[in-house]
Amino acid sequence: MNETVVLKALHIKAGENTLVNNASLVIEEGEIFGLVGESGSGKTLTAKAIINLLPKGLSYSADEIITAGKNMLTASTEEKKEHIGRNIGYIPQNTVFYLHPMIKIKNQIGDGYIHHMHKTRTEALEKAEALLYKVGFKHPKIVLNYYPWQLSGGMRQRCNIAMALMNDPMLIIADEPTTALDSTVQRQVMDLFRTINEEMKLSILLISHDLGLVKHYSHSLAVMYAGQIVESGYTNTVFSNPKHPYTQLLIKIIPSLKIKKNEPLVEIPGFVPEKGRDIKGCVFFNRCSKAVDICKDMVAELADDEQDHYYRCNLE
Amino acid sequence: MKNNVSLILGIILVLIIIVVWALSFIYMPYPPNEMNIPNKFLKPSIDSEHILGTDNFGRDILSRIMYGSRNVLLVAIGSVTLGTLLGIFLGAVAAMKRFADTIIMRIMDGLMAFPGILLAMMLVTVLKRGIQGSIIAISIFMVPVFSRLVYSMIQDTETLLYIKAAKSYGSSRRQIFFRHYIPAMLPRLITQFSSAIGSAVMIETSLSFLGLGIQPPFASWGLMLSESRQFFLGYPYLAVAPGIAIIITVLGFNLIGDGLNDILINRGNSNE
Amino acid sequence: MLGYVLDRFKSSIVVLFVVSVITFFVLMIIPGNPAQLILGTDATPEAISELHVAMGLDRPLYQQYLSWLLDLLKLDMGRSYVYGESVTVLIARSIPVTFSISIFAMILAVFIAFLFGMISAIKKNSIADYFSRSIMQLGAAIPSFWIGMVFIVYFGVKLKILPVSGFVPFEENFFKFIKSILLPSIVLAIGEVGTLLRIIRSSMLDSLKQDYMDMARVKGLSAGKIYIKYALRGALTAPLTIIGMQFAKLAGGTVVVETIFALPGLGRLVLTAVEHRDIVLLQGLVMFITSTVIIITLFVDISVMFLNPRIKKFKQGEL
């Protein structure tokens, strides 16, 4: 199958401090890939590395970064810029300042389209209107004339989605698309993603700390902890047979209506480490209830090839 | 990092001027007003007795620069000090006494609306020309800036808890003022003070250039520039020395003001 | 929004009023008898007191103030002692000169400040950046007349390409008009570029840090679009306010430059008035210039409000 994104051995550092350690993942064409982890686990940075958007102070290295079919490590800056702009839609986490407050929606939604697809302004506005309708706006013409601050968070999110779709991209990266929204709108937005994925056959990288969400909507997933990918595979496989203790705990944590009345909520004691992410041993060692001595010094990278199920743990 | 460079450079420049100023009391190569017509228009040269040359009256330029520094600094520092004190007083009164608030601040707004030179010229018309007039005129120009600053700073600090605490255990207003407000306001006041001296020198120079400021027999760099105008075509060097003196002084104080601003206020956090 | 406009309008009126009071009363403190000044030293005491009464100088001060104010509103600023003409006419004649150099100076300053300010911000801490910032500091410290004199000697006398004095109205000969205002405007601009450049650089740096810049980059837009459509747009509020203030300041502060270049503008009139203690002329001039400053500032504030739709929104009181 065609792979939209191939990431091998990505390391991201801020000076001496390692932020992301040896992350690898593969996103197939037309699949929704969930990247799960707590805040600070490195999910956003990993995604930004794929689209060449890392902040200036950070350094990175990787064996392979193939984004939307193009090798990012060998491409020139100009080529990268063009390729990413043309083929990737980015839906950022916090909507407020990602749309320029002094520019009307109609004047910013289409500029990527005009630039990469060589269309006119009128054509851009037509397409924008159609997409805005598709993402759920009943009166797209009015929305186009608004300034971003005149819209609610959910509406801005949907504008971002429409904007990301303008070029019929191969890949959409959605960073915590539901965090700032209330639950009904969350549902709408996620269903929208699913529709887009099914209809337009585009891949989606879904970044979220909400495992429940990812379980429901993604085909494959990767679990990140402290800058490392500790488990990845098809969603069904991982959920039916989670191998890494962290994943197991996360699954247990998902709130569900089935919890008995007085049962305490599960929590994982401790905090995500900021430093020391590049140790040889297991990075989850301090918080793992199943850890054994050997876990401190080394950790195996195991894979179950038949089902493409990868995990980083010494236990079976 | 750039902040420190500004500050250091500024201090160096100002020190140069201060040295010149101090030296003027101890030793000047020639009496600054001594005319020596046979020696007029001597070009500056290292070997000559007159390092910076002589002017149209044969007066030694270096000595005049040194002598001029006295009055320029006197006017600039004197007027800014006066303006600052008055400004602090008015700003504090306005911030702490309700009834005076609007009146004082409106008057300050009015004063600020006048373009600087215009205000100075207007005041000089009324007062006598010369050193006194310049000092008073420029200090009045400085008052609104400082009073506004103090006014808003007091208003901001007033809401801080520790002031409320001080009030609650009965500190008198004067105590609060001196023990709490002033230390809090000091950094910004000092920064503003330094920049203000730069502006004051510019205004004084302009005033004496126009003949409205320091008058002969006293000397001022602005006056020297104005006197050099007639002969500038033939003897351009006449304007170089005073011009450079002005630039060094203004640049020095401005740089100190900027450097202090970045360090004290932005804590190196500015867009540098 | 309308509330904001009315508010600003009201304060401006108050400030204008305060200015008029200050202008009038400060200048009335002058010792000496205006009537005597006009008639000269040979005049007889009777003639002096006659003129004194005729000029209304025997009335109580506040009455004089009121009648002056009322006349002002009728655009009658009295008669100048020195020139004998109506002050209004004198001012009207000088306006084109001062405004020409002020406007031209602003245009030059804006152009250079935006060019170098943006480059400085985009290529922060590069050599270009340090260069621009040094220029900016220097510009603020150089006395305008000094540069003016240097220019006169160099361009006017040595190279003989530009006139050293005199004003050519633009109706007469456009090319000569430009030549006559070029040097003075450059001199004025030098004084203003520094501050403006600093503000532009600072605003641009803030704007470049914003999230919307990320979006612009991900979209892979051209550099021009990124920096002008997105970055600059977010950085305009402060610079525009400053430009307005600077223009207003220039309009009032051209005395020295006009003196050096022998331009018959408002500044020169002021100098003459001050030198001869022509109170009437001075009062009229100060009132006119300061009012212009206040009006321009008001105009700029309101325009900036329109430019930044968010300010518009917040002023409305909704959130």
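Chains as they are written, first to last, in the numbering used here: chain A, 20 to 335; chain B, 43 to 314; chain C, 14 to 332.
Even for Gly, the Cβ is constructed at its ideal location relative to N, Cα and C.
Boundaries (first-last residue) of the beta strand (DSSP E) holding residue i
| i | result |
| --- | --- |
| I31(A) | 22–33 |
| Y240(C) | First-last for Y240(C): undefined, no H or E at that position. |
| V249(A) | 247–253 |
| G53(A) | 51–55 |
| L224(A) | 222–227 |
Coil, strand or helix - residue i by DSSP
| i | result |
| --- | --- |
| T305(C) | helix |
| H134(A) | helix |
| H92(B) | coil |
| D198(B) | helix |
| S189(B) | helix |
| H102(A) | helix |
| L44(A) | strand |
| E205(C) | helix |
| I84(A) | strand |
| Y69(B) | coil |
| G108(A) | strand |
| N36(A) | strand |
| S105(B) | helix |
| N138(C) | coil |
| S33(C) | helix |
| K309(A) | coil |
| H328(A) | strand |
| L231(B) | helix |
| N90(A) | strand |
| V242(A) | strand |
| D304(B) | helix |
| I191(A) | strand |
| K321(A) | The question names Lys, but residue 321(A) is Leu in the sequence shown. Residue state, collapsed to three classes: strand. |
| V99(C) | Going by the sequence as given, residue 99(C) is Ser instead of Val. Residue state, collapsed to three classes: strand. |
Own chain residues within Cβ distance below 8 Å of residue i, not counting five before or after
| i | result |
| --- | --- |
| H119(A) | Q127, P167 |
| V28(C) | I307 |
| M121(A) | Y166 |
| H134(A) | G104 |
Same chain only: Cβ atoms within 7 Å of residue i, ignoring 5 sequence neighbours per side
| i | result |
| --- | --- |
| F273(B) | N98, L280 |
| L115(B) | W63 |
Local Cβ density within 10 Å of residue i, reported as buried at 16 or more and exposed below that
| i | result |
| --- | --- |
| S95(A) | exposed |
| A242(B) | buried |
| Q76(C) | exposed |
| P157(B) | buried |
| F180(C) | buried |
| D102(B) | buried |
| N40(A) | buried |
| M91(A) | buried |
| N179(A) | buried |
| P196(A) | buried |
| P156(C) | buried |
| P188(A) | buried |
| N311(B) | Since pLDDT at N311(B) reaches only 49, below the 50 mark, its modelled position is unreliable, and no value is offered. |
| D194(A) | buried |
| L83(C) | exposed |
| T203(A) | exposed |
| Y236(A) | buried |
| T214(A) | exposed |
| G97(C) | exposed |
Cβ shell of residue i (< 6 Å), same chain only, five flanking positions each side left out
| i | result |
| --- | --- |
| I248(A) | A42, A241 |
Endpoints, the alpha helix (DSSP H) within which residue i is located
| i | result |
| --- | --- |
| Y78(C) | 74–86 |
| C178(A) | 172–184 |
| Y165(A) | Here Y165(A) belongs to no alpha helix (DSSP H), and DSSP marks it neither H nor E. |
| Y277(B) | Per DSSP, Y277(B) belongs to no alpha helix (DSSP H) and is neither H nor E. |
| V283(C) | 279–289 |
| F158(C) | 157–164 |
| A67(C) | 58–67 |
The segment 150–163 of chain C: positions lying closer than 9 Å to chain B by Cβ:
Q150, L151, A153, A154, I155, P156, S157, F158, W159, I160, M162, V163
What residues in the segment 93–107 of chain A have a beta carbon less than 9 Å from any beta carbon of chain C?
K99, K100, E101, H102, I103, G104, R105, I107
Contacting positions in the segment 236–247 of chain C - beta carbon closer than 8 Å to chain B
none
Taking a Cβ distance cut-off of 9 Å, strictly less, list which residues of the segment 126–137 of chain C are near chain B, in chain order.
A134, K137
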